[in-house]
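Step one of this worksheet: look at the structure below.
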């Protein structure tokens, strides 16, 4: 989620520069949200940086980069009665000592394989919708 603002600005700049082009941006975790939600087991702690989902995917793609010796979930972000209606930007070091915001202990290579497939399927649907003029 931390790159969403950068992507929005980049898309705006691309559209300004290439006014006649169609410009799209997509985040896999948004378009595949329902599919990924069905695979998750960590409850609200599965979505964060280096949480269940990202750890599972990395265990499948690059297991050599997964640091099993780090402690479990150490990040927190205060819940707000306003939900996502009020944005506050926090650097990762402000919410987590080790860069973990979620629970990596639920991560597995097998789950990562299924999550990557779910994300890829959702992204393929988006590309097809763009190609066929539905977006």
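Numbering (our numbering), first residue to last: 10 to 144.
Even for Gly, the Cβ is constructed at its ideal location relative to N, Cα and C.
Inter-residue distance for residue 46 and residue 60 is about 13 Å (C-alpha atoms, whole angstroms).
Within the same chain, 69 come within 7 Å of residue 122 by CB-CB distance, once the 5 residues on both sides are set aside. When DSSP states are grouped into helix, strand and coil, residue 114 belongs to the helix group. Here residue 37 really is in contact with residue 132; their C-beta atoms are around 6 Å apart, less than 8 Å. Take residue 89, set aside five residues on each side of it, and the residues of its chain with a beta-carbon closer than 8 Å to its own are 95, in chain order. For the pair residue 31 and residue 43, the Cα-to-Cα distance works out to about 27 Å. Separation of the CB atoms of residue 57 and residue 111 is rounded to 3 Å, and the pair is thereby assigned contact status at 8 Å.
When the five nearest sequence neighbours on each side are left out, the beta carbons in the same chain lying within less than 6 Å of the beta carbon of residue 51 are those of 61, 112 and 115, in order along the chain.
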